Amino acid sequence: MPQPIISQFFLPH
Amino acid sequence: MLEGKFDEASLLKKVIDAMKDSVKLCNFNCTENGISVQAIDDSRVLLISLLIEAGSFEDYRCDRNIVLGLEMESLNKIIKNGNASDMLTLVAEDSPDALNLIFEDKRRDRIAEYSLKLMDIDQDFLKIEDMKFDAVVNMPSAEFAKICRDMKTLSESLQIIITKDSVKFNSEGDFGSGSVVIKSFTDLEKTEESVRITLEKPINLTFGAKYLNDIIKSTPLASQVTIKLCDKQPALFEYQLPSGYLRFYLAPKFED
Chain A
-5 MPQPIISQFF LPH
Chain B
73 MLEGKFDEAS LLKKVIDAMK DSVKLCNFNC TENGISVQAI DDSRVLLISL LIEAGSFEDY
133 RCDRNIVLGL EMESLNKIIK NGNASDMLTL VAEDSPDALN LIFEDKRRDR IAEYSLKLMD
193 IDQDFLKIED MKFDAVVNMP SAEFAKICRD MKTLSESLQI IITKDSVKFN SEGDFGSGSV
253 VIKSFTDLEK TEESVRITLE KPINLTFGAK YLNDIIKSTP LASQVTIKLC DKQPALFEYQ
313 LPSGYLRFYL APKFED
């Protein structure tokens, strides 16, 4: 099962 | 200038112990409200958000915003030298090149003082909007830690399935499989033993067991952990501090 990275879910500040 | 005195070093000891295996370098942002940290682990799967509010300190003052770039392993080495029951004061100048840590024994006149060199850390800062969650579980942190440890012996992935009044932790490995089901439960005498499940939509998510086993290093911080979940969204694992929190956002695994 692929593991997405966390920053895909949040916007850069 | 920053001057923050903890009544006991144990709080910061536990916080650093909970973070040090996930993140190596962290900017500690000090403002008049307290100290906050946002850091992402090397594999970029886990995001840690720490807030130690001024109320967690016996005395706290920070006249100007200060960023302390700290190497967690070095900080941990120094922190471990102090006793858990010592008073701990953090001191930094307005444009510091070091953080001073002063441990004072309450019973004897023993003062230990350390200085930790600061680092210039270039870190992305992610904006975490108010997230909507479909399920919220409050449960004893020690129970959650045991489940994560037990399930990791079987597989590198842990599935969390939530239906009306139960949470199922499921692990499918090469040599076998296992599951633990916990149900809503109210202990009126020992409220910290209770399990509360608030559900809007059923949940079926899979997480890396390695990351969950890093998160549970926070167990000594709080008797309860709050787990917030939503489909195809990072889960939030929260440990409350006396005033503030240590939060972990963990990206779930899923097929596209």
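Chains as they are written, first to last, in this note's numbering: chain A, -5 to 7; chain B, 73 to 328.
Here a beta-carbon is modelled for each residue, glycine too, at the ideal position from N, C-alpha and C.
This structure is a prediction, so every number in the text was calculated from the model and none was measured.
Check your understanding: When DSSP labels each residue in this structure, what does residue 374 of chain B get in the three-state scheme?
Key -> This structure cannot speak to residue 374 of chain B, because chain B is shown only from 73 to 328.
Check your understanding: For a contact meaning CB atoms closer than 7 Å, what does residue 229 of chain B contact in chain A?
Key -> -5
Review point. With DSSP run on the structure shown, which of helix, strand or coil describes residue 207 of chain B?
Key: strand
Point to revise | Residues bridged to residue 231 of chain B [DSSP beta-bridge criterion] | key: B:242, B:278
**Study point:** Nearest neighbour of residue 4 of chain A, chosen from B:270, B:306, B:327 [CA to CA]
**Key:** In terms of CA proximity to residue 4 of chain A, B:306 leads the group B:270, B:306, B:327.
Review point. How should residue 257 of chain B be labelled, buried or exposed, when 16 other C-beta atoms within 10 angstroms of its C-beta is the threshold for buried?
Key: exposed
Practice item. Look up residue 87 of chain B in the DSSP assignment and say whether it is helix, strand or coil. Key: helix
Review point. Going by C-alpha distance, which of B:231, B:208, B:150, B:171 is nearest residue 281 of chain B?
Key: Here the closest residue by C-alpha is B:231.
Check your understanding: Since residue 200 of chain B meets chain A, which of its residues come closer than 7 Å, beta carbon to beta carbon?
Key -> Going along chain A in sequence order, the residues near residue 200 of chain B (Cβ under 7 Å) are 4.
Check your understanding: Hey, would you say residue 102 of chain B sits closer than 8 Å to residue 122 of chain B, going by beta carbons?
Key -> Going by C-beta atoms, residue 102 of chain B is not nearer than 8 Å to residue 122 of chain B.
Practice item. State buried or exposed for residue 249 of chain B, treating a residue as buried only when at least 16 other CB atoms are found within 10 Å of its CB. Key: Exposed is the call here.
Review point. Mind checking whether residue 185 of chain B and residue 159 of chain B have CB atoms under 8 Å apart?
Key: Between residue 185 of chain B and residue 159 of chain B, the C-beta spacing is not below 8 Å.
Point to revise | Contacts of residue 306 of chain B in chain A (Cβ-Cβ under 7 Å) | key: 0, 3
**Study point:** Cβ neighbours of residue 146 of chain B in the same chain (closer than 7 Å, five flanking residues each side left out)
**Key:** 188
Practice item. Within the segment 165 to 207 of chain B, note down every full beta strand (DSSP E) run reaching 3 residues or more, in order along the chain. Key: 170 to 176, 183 to 189
Exercise for review: Verify the CB distance criterion: does residue 321 of chain B have a CB-CB separation below 8 Å to chain A?
Suggested key: yes
Point to revise | Coil, strand or helix - residue 286 of chain B by DSSP | key: helix
Practice item. Starting from residue 136 of chain B, follow the alpha helix (DSSP H) in both directions and report where the run begins and ends. Key: Per DSSP, residue 136 of chain B belongs to no alpha helix (DSSP H) and is neither H nor E.
Exercise for review: Would you list, in sequence order, the uninterrupted beta strand (DSSP E) runs of no fewer than 3 residues that lie entirely inside the segment 251 to 278 of chain B?
Suggested key: 268 to 271
Exercise for review: Could you pull out every residue in the same chain whose Cβ sits closer than 6 Å to the Cβ of residue 252 of chain B, ignoring the five residues on either side in sequence?
Suggested key: 219, 241
Check your understanding: Out of curiosity, what's the CA-to-CA distance linking residue 211 of chain B and residue 167 of chain B?
Key -> 42 Å
Practice item. Leaving out five residues on either side along the sequence, give the residues of the same chain with a beta carbon under 8 Å from the beta carbon of residue 275 of chain B. Key: 206, 207, 232, 233, 234, 301, 302, 303
Review point. So, does the CB of residue 117 of chain B fall closer than 8 Å to a CB anywhere in chain A?
Key: yes
Check your understanding: Is there at least one Cβ from chain A nearer than 8 Å to residue 280 of chain B's Cβ?
Key -> yes
Practice item. Give every residue of the same chain whose Cβ lies closer than 7 Å to the Cβ of residue 291 of chain B, excluding the five residues on either side of it in the sequence, and list them in chain order. Key: 213, 214, 217
Check your understanding: Whose C-beta lies closer than 7 Å to the C-beta of residue 228 of chain B among residues of the same chain, with five residues either side of it excluded?
Key -> 280, 281, 282
**Study point:** Sequence-distant residues of its chain with Cβ nearer than 6 Å to residue 139 of chain B (five each side left out)
**Key:** Hits under 6 Å: 99, 101.
Review point. How about residue 326 of chain B: is its C-beta nearer than 8 Å to some C-beta of chain A?
Key: yes
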